[in-house]
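Worksheet for the structure shown next.
Numbering (our numbering), first residue to last: 136 to 592.
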């Protein structure tokens, strides 16, 4: 039943993906990734709405929701997606290429597969056991499986504040969905979603590169990402950081493709993934602000009416989809992470003694090659090597995303109300840097390719 439940997520996401992409939906790997991401995100937001209205997430209600989605999306594809039945999505082509790999491509693929298998085995070996996963995400899933948001007192109980009542609910609702299909709570089987998120992140990095680079070039950086220790460890933890990483990375990838190509369909996908990341973790809201900021900067230097209209569509869709959650969140009695209230000049001035402490801890993390290999070192090297041409290609926007992302987390540590900021960094920085790691490798990949082309001109 769990396999069937996952398959349904893919089918719903697939129908939504081909509806948006139309005739551009040709890459099987890309479709695989965005089908799961769209299906998981869309179903979770719908389940939140229904639970808020008082509908319990029992099997029958889930069945009705799934049937409604499948029928509606199928009809919409028939009406608006010309050639829906005759589209070719490159599965045979992808399969043919798999059997036509060079020796080095086989080795790189083997590295990826080894780490994927390792993550699946590690995730499924034992039930959810990490403290935050049990006390925050899994607890919410169990409550939402047994109660509706409308009738539950959980979100308004000060005694439950240890579980961070204001944390977003996408991951818990995906777990609720699996519980409902199974008909019971299974803390081991439900962890299957996390390795799938892991695989989707690797494939996103691969297909994002394959738009522009060779297969072997793309495999090098995808295999590099698959070996990062924090990435492997956090996937099996049951935390929401890996799901957030997928939604954030997809939002930036499609914003970048939109910057290069200007097609509305890519800004629509970026908007959906941006709203999903806000519904996954509180950090997602700050990342949405960064996405909007980068879009604003792009439009200032590339002023075109059509681009501005599409940027406004991005903002509108992202905000509208998360607005119900933000409204509900404000009703929660205890907000454990209201960083916005501390994010001001006074908050920074009062914590100036932390500036150096946080900076040093960031540097120590960046140069920890046992965790991150030489990823952060490569980032610095590629920036300096390409410093003269840094503003001459669109990769500058990827770098802008990275700088803003790291700056956001840096200032969060400066203004946090936690008294022992060193202890907070010890327990969270590694997880936070996972969010930006795929984007860093995508940027390095582009710059390495740019250097190769410049050198061999």
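Backbone N, C-alpha and C define an ideal beta-carbon position, used for all residues, glycine too. On a predicted model such as this, the values are computed, not experimentally measured, just so you know.
Exposed unless 16 or more other CB atoms sit within 10 angstroms - verdict on residue i
i: residue 344; result: buried
i: residue 288; result: exposed
i: residue 149; result: buried
i: residue 203; result: exposed
i: residue 266; result: exposed
i: residue 175; result: buried
i: residue 177; result: buried
i: residue 552; result: exposed
i: residue 465; result: exposed
i: residue 592; result: Low confidence applies here, because residue 592 scores a pLDDT of 45, under 50, leaving its location unreliable and the question unanswered by this model.
i: residue 349; result: exposed
i: residue 572; result: buried
i: residue 455; result: exposed
i: residue 499; result: exposed
i: residue 286; result: exposed
i: residue 158; result: exposed
i: residue 323; result: exposed
i: residue 411; result: buried
i: residue 245; result: exposed
i: residue 151; result: buried
i: residue 451; result: exposed
i: residue 252; result: exposed
Range of the contiguous alpha helix (DSSP H) that encloses residue i
i: residue 545; result: 530 to 550
i: residue 380; result: 376 to 396
i: residue 352; result: 350 to 361
i: residue 283; result: It is not in any alpha helix (DSSP H) - residue 283 carries neither H nor E in the DSSP assignment.
i: residue 341; result: 328 to 345
i: residue 325; result: Unbroken run through residue 325: none, as it is neither H nor E.
i: residue 148; result: 137 to 156
i: residue 417; result: First-last for residue 417: undefined, no H or E at that position.
i: residue 307; result: 305 to 317
i: residue 189; result: Per DSSP, residue 189 belongs to no alpha helix (DSSP H) and is neither H nor E.
i: residue 451; result: 440 to 466
i: residue 410; result: 399 to 413
i: residue 293; result: Taken as a continuous stretch (DSSP letters only), residue 293 belongs to no alpha helix (DSSP H), as it is neither H nor E.
i: residue 262; result: It is not in any alpha helix (DSSP H) - residue 262 carries neither H nor E in the DSSP assignment.
i: residue 506; result: 504 to 507
i: residue 513; result: 510 to 520
i: residue 369; result: 364 to 370
i: residue 497; result: 489 to 501
Whole-angstrom C-beta distance between residue j and residue i, which should lie under 8 angstroms
i: residue 153; j: residue 212; result: 6 angstroms
i: residue 268; j: residue 310; result: With a Cβ gap of about 10 angstroms, residue 268 and residue 310 do not count as contacting.
i: residue 422; j: residue 520; result: Their Cβ separation, rounded to whole angstroms, is 28 angstroms, which puts residue 422 and residue 520 out of contact at 8 angstroms.
i: residue 247; j: residue 208; result: Wrong, their Cβ atoms sit about 31 angstroms apart, outside the cutoff.
i: residue 279; j: residue 355; result: Between residue 355 and residue 279 the Cβ distance is about 42 angstroms, and since that is not below 8 angstroms, they are no contact.
i: residue 170; j: residue 145; result: 5 angstroms
i: residue 271; j: residue 187; result: Not quite, the Cβ-Cβ distance comes to about 20 angstroms (not below 8 angstroms), so this is no contact.
i: residue 400; j: residue 550; result: Not quite, the Cβ-Cβ distance comes to about 38 angstroms (not below 8 angstroms), so this is no contact.
i: residue 413; j: residue 420; result: 5 angstroms
i: residue 256; j: residue 415; result: At roughly 25 angstroms, the Cβ-Cβ gap does not stay under 8 angstroms, so residue 256 and residue 415 are not in contact.
i: residue 359; j: residue 503; result: So it is not a contact: roughly 16 angstroms between Cβ atoms.
i: residue 460; j: residue 183; result: 7 angstroms
i: residue 374; j: residue 566; result: 7 angstroms
i: residue 564; j: residue 496; result: 7 angstroms
For residue i, the nearest candidate out of the options (CA to CA)
i: residue 390; options: 329, 574, 193, 586; result: 574
i: residue 397; options: 409, 438, 416; result: 438
i: residue 194; options: 137, 235, 164, 274; result: 137
i: residue 488; options: 556, 183, 179; result: 556
i: residue 303; options: 418, 450, 172; result: 418
i: residue 325; options: 384, 347, 264; result: 264
i: residue 492; options: 359, 561, 503, 308; result: 561
i: residue 442; options: 542, 564, 392; result: 392
i: residue 143; options: 282, 312, 214, 216; result: 312
i: residue 577; options: 536, 563, 567, 558; result: 536
i: residue 394; options: 409, 363, 432; result: 432
i: residue 281; options: 249, 253, 320; result: 320
Segment contact, 8 angstroms Cβ cut-off, at least three pairs: the region 186 to 202 with the region 361 to 372: no
Contact the region 311 to 321 vs the region 533 to 551: 3+ CB pairs below 8 angstroms: Judged by pairs of C-beta atoms under 8 angstroms, the region 311 to 321 does not touch the region 533 to 551, as fewer than three such pairs exist.
contact_flag[the region 339 to 353, the region 295 to 308] where n(CB pairs < 8 angstroms) is 3 or more: no
The region 370 to 382 / the region 423 to 439 touching (three or more Cβ pairs under 8 angstroms): no
Cβ contact check for the region 511 to 527 and the region 574 to 584: 3 or more pairs under 8 angstroms: yes
At least 3 beta-carbon pairs within less than 8 angstroms: the region 399 to 412 vs the region 520 to 531: no
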